[in-house]
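Undergrad: Heads up, the sequence shown is in the numbering used here, so the first residue is 2 and it goes up one at a time.
C-beta: ideal position from N, C-alpha, C; glycine also.
The structure under discussion is supplied below as structure tokens; questions concerning it will follow.
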Amino acid sequence: MDRRQAAELLRERLGRAPSPRLVEQLLRRTDADPTVLAAIADQVDGDGDGLYRVPLRWPEELAEPVRAALRSLEPDARETVTAAAVIGREFDLSILEGVCPDLDVLSGLDDAAAAGLVREQGPQVYGFVRALDREVCYDTLGARSRAALHERVAGVLARLGALGGTRAATLPELAHHTAEAAALGGAARLDAAVAASATAAAAADEEGVYELAAGYFAQAALFAGRAGWTPAQAGRLLAASGTARLRGAGSAAAREAGRASLTGALRLGLRAGDLGLIAAAALGLSPRPSAGALAGAGLVPADPVRVAALRDACAALPATGLPPEQHSAAARLMARLADELGQAELAERALALARAGGDPRAVAEALLAAGGRLDQVVREAAALGDVELQARAYDLAAADAVRRGEKSRAMALLAQTAALGEGRPTALVRWYALRAAAELSALRGRPDPAAADRALAAGQLVDPAAAEVADRALRSWSGPEAGPGGLTAREREVLAWALRGAPAKEIASALVLGERTVETHLASIYRKLGVRTRLELIRKLGDGSSS
């Protein structure tokens, strides 16, 4: 059974699609045997992310022969095999000898091999014959014995890694064993689990495996709480988890979990008066996305969660005496709030503060909020190598080029944006890249509905309201000369109702749109036609020139 077939079997049993990491864990632990996988599928929590070992009860007819083989061994051999089961499905002889220094492990392995439980797989490397053999041997251990063996394994791995020419433990291995050992309690064990989990999280985040990073950061936060760390200290790990989960956002549930982690971390930061934590939590909620290069003045509805977080964060900034090392975070917070609320004055204040702090990333964020100078932002983003900032800068610069009628430049910028989607992009960058590819097709006069569908699906994982605005703009766009003032087809429909004096609620009902969406279209119409109010609009086009 391959990964796709296993995922389908689990989806049928669970009623939802399982996470890829959970599928991988179950395939590994069942040797991809469809009979065994089917036998344990109903025990699996479909909401699990696969980071933690899923507790399973193996069918008695499969488990009992393994237990019988284990019982047939002499005590030392049995202890050797159960210790090996804690190390893993495959294990180095040097690690096993370090975990069991008082045992003749080679004789124990010989006996276990004769019983059909293990076999030699290479020079000083052994493994269990079947995944189920290892699982059942592991499950025979009591909770305390298991935790103690995990602690010994972690210690051996750390010692071996410090010796030249020997096998070094991977970060996930150390995180796993120290986390399991933390069940024994004690500040030293819990602190070690925090450090190992956070280190594994940072490595996963660097590699672009964001969901895994989020899980490890959350695990570190949990251990930090148990170890008695201050709420602000644990809150930093919680903020890192939420940020990573939003960067990976593979589902609506993951997105909401990430937002919940960040808002929780923000509350901890506000109670502690910790500006660093406050900034990390508020900025982790991501910037306000744009509506795309073809949206004209299409406005993305403000996100109330993001706005509330940014307002709280900015309100926590001291009115005077802000330390220089905090200028960058403060400027970025102010810039993002200015972007959400469309406050030019606040954007300029953010820009002045960013320049005083000398952080090019903060300067670029403030320039984006202030509008204009997009060429400078594009250069800064490329120099910083900040892919999310690059995507936002390219997107806004492409929109500006479309407004100016500079089609070639717009297409070049969109091509650069699309290229950012290669590798392991964040959810935001993936959306922008897919949207740019769809916009390129539209600019070339060959709209691609399938590309638009992919962009919409990706955008809904980042910001559903913004994704809908961007999707409507993309699908209705027909060029800068599509009606009076360059109105889109949908804007012309809204305009026709507006000229009759219909309120936004009535227009929304007639066109089967949200009331906020209608208000967004009206704002775009006002800008394109150079008016400020409904009265001015009717005076300008009330003679029927809109048709």
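Apart from the five residues just before and just after R58, which ones in its own chain have a Cβ nearer than 6 Å to its Cβ?
TA: Nothing meets the Cβ criterion.
Undergrad: Please classify Y527: does DSSP put it in a helix, a strand, or coil?
TA: Helix.
Undergrad: DSSP on R147, reduced to helix/strand/coil?
TA: Reduced to three states, the DSSP call for R147 is helix.
Undergrad: Could you have a look at D360 and say whether DSSP puts it in helix, strand or coil?
TA: Coil at D360, not helix or strand.
Undergrad: What residues in its chain sit with their C-beta under 6 Å from that of L538, if we drop five residues either side in the sequence?
TA: Cβ neighbours of L538 beyond the five flanking positions: V532.
Undergrad: Could you check what DSSP says for G109 in three-state terms: helix, strand or coil?
TA: The answer is helix: DSSP assigns G109 an H, G or I state.
Undergrad: Fully enclosed by the stretch 40 to 120, which beta strand (DSSP E) runs are 3 residues long or longer?
TA: Taking only runs of at least 3 residues, the beta strand (DSSP E) segments lying wholly in the stretch 40 to 120 are 91 to 93.
Undergrad: Would you say A351 and A332 are within 8 Å of each other, going by their C-beta atoms?
TA: Result yes, Cβ atoms of A351 and A332 sit closer than 8 Å.
Undergrad: Can you check DSSP and say which residues form a bridge with F129?
TA: According to DSSP, F129 bridges with V119.
Undergrad: For the pair the stretch 177 to 195 and the stretch 391 to 399, tell me if three or more CB-CB distances fall below 8 Å.
TA: The answer is no - the stretch 391 to 399 does not touch the stretch 177 to 195, with fewer than three Cβ pairs under 8 Å.
Undergrad: Here's the rule I'm using: 16 or more other beta-carbon atoms within 10 Å means buried, otherwise exposed. How should Q377 be labelled?
TA: Under this definition Q377 is an exposed residue.
Undergrad: Return the chain-ordered ranges of every alpha helix (DSSP H) run that is complete within the stretch 285 to 349 and spans a minimum of 4 residues.
TA: Entirely contained in the stretch 285 to 349, the alpha helix (DSSP H) runs reaching 4 residues are, in chain order, 305 to 316 and 328 to 342.
Undergrad: Does DSSP put G270 in a helix, in a strand, or in coil?
TA: Note: G270 maps to helix in three-state DSSP.
Undergrad: Around the Cβ of S510, are there at least 16 other Cβ atoms within 10 angstroms (buried) or fewer (exposed)?
TA: Exposed, since its Cβ has fewer than 16 Cβ neighbours within 10 Å.
Undergrad: Which of the three DSSP states is assigned to D3 in this structure?
TA: In this structure, D3 counts as coil in the three-state DSSP scheme.
Undergrad: Would you call the stretch 13 to 25 and the stretch 68 to 76 touching, i.e. three or more CB-CB distances under 8 Å?
TA: The stretch 13 to 25, when compared against the stretch 68 to 76, does not touch it at the 8 Å Cβ threshold.
Undergrad: Can you grab the Cα-Cα spacing for the pair L269 / G236, in whole Å?
TA: Near 6 Å, if we compare the C-alpha coordinates of G236 and L269.
Undergrad: What residue ranges within the stretch 394 to 465 form continuous alpha helix (DSSP H) runs of no fewer than 4 residues, ordered along the chain?
TA: Within the stretch 394 to 465, the complete alpha helix (DSSP H) runs of at least 4 residues are 408 to 420, 428 to 444 and 450 to 461.
Undergrad: Assuming R90 contacts G128 (C-beta within less than 8 Å), just tell me the rounded distance between them.
TA: Contact flag correct, Cβ pair sits at about 6 Å.
Undergrad: Under 7 Å Cβ to Cβ from K506, same chain only, skipping five residues before and after it: list those, please.
TA: If we look at K506 and ignore the five residues flanking it on each side, its Cβ neighbours are E516.
Undergrad: So, with DSSP's three-state summary, where would you put W498?
TA: If DSSP states are grouped into helix, strand and coil, W498 belongs with the helices.
Undergrad: Buried or exposed, going by whether 16 or more other CB atoms sit within 10 Å of the CB of V87?
TA: Buried: at least 16 other Cβ atoms inside 10 Å.
Undergrad: Could you name the residues of the same chain whose beta carbon sits closer than 8 Å to that of D32, not counting the 5 residues immediately before and after it, in chain order?
TA: Hits under 8 Å: R131, A132 and L133.
Undergrad: Look at the alpha carbon of A280 and the alpha carbon of A8, and state the distance between them as a whole number of angstroms.
TA: Taking the straight line from one Cα to the other gives about 39 Å.
Undergrad: Do D340 and A370 have their CB atoms nearer than 8 Å?
TA: Yes, they are a contact pair.
Undergrad: Going by beta carbon distance, what residues of the same chain come within less than 8 Å of A188, once the five residues before and after it are set aside?
TA: The answer, listed in chain order, is A228 and G229.
Undergrad: Can you tell me whether R311 is buried or exposed? The criterion is at least 16 other CB atoms within 10 Å of its CB, across all chains shown.
TA: Here residue 311 is Leu; the residue named in the question, Arg, does not match the sequence. L311 should be labelled buried.
Undergrad: Give the range of the alpha helix (DSSP H) segment to which A511 is assigned.
TA: Its alpha helix (DSSP H) spans residues A505 to L512.
Undergrad: Taking its Cβ as the centre, do 16 or more other Cβ atoms sit within 10 Å of G186, making it buried, or is it exposed?
TA: G186 comes out exposed.
Undergrad: Is it true that the stretch 281 to 294 meets the stretch 471 to 479, where meeting means three or more beta-carbon pairs spaced less than 8 Å apart?
TA: Touching, yes, given that three or more Cβ pairs across the two stretches are closer than 8 Å.
Undergrad: Tell me the residue span of the alpha helix (DSSP H) that contains S242.
TA: It spans P232 to G249 - the alpha helix (DSSP H) in which S242 sits, taken as one unbroken run.
Undergrad: Which residues in the same chain have their Cβ closer than 6 Å to the Cβ of D275, if we skip the five residues on either side of it in sequence?
TA: Result list for D275: A233, in chain order.
Undergrad: Would you decide whether Q391 is buried or exposed? Buried here means 16 or more other CB atoms lie within 10 Å of its CB.
TA: Label assigned to Q391: buried.
Undergrad: Looking at the structure shown, is V262 part of a helix, part of a strand, or coil, going by DSSP?
TA: According to the sequence shown, residue 262 is Ser rather than Val. Helix, per DSSP.
Undergrad: Taking the alpha-carbon positions, what's the P485 to Q461 distance?
TA: Its pLDDT being 41, under 50, P485 is placed unreliably in this model, and the value from its coordinates should be taken loosely. Straight-line Cα distance between these residues: approximately 31 Å.
Undergrad: Do A499 and R535 count as a contact pair if the criterion is CB distance below 8 Å?
TA: A contact, by the Cβ cut-off of 8 Å.
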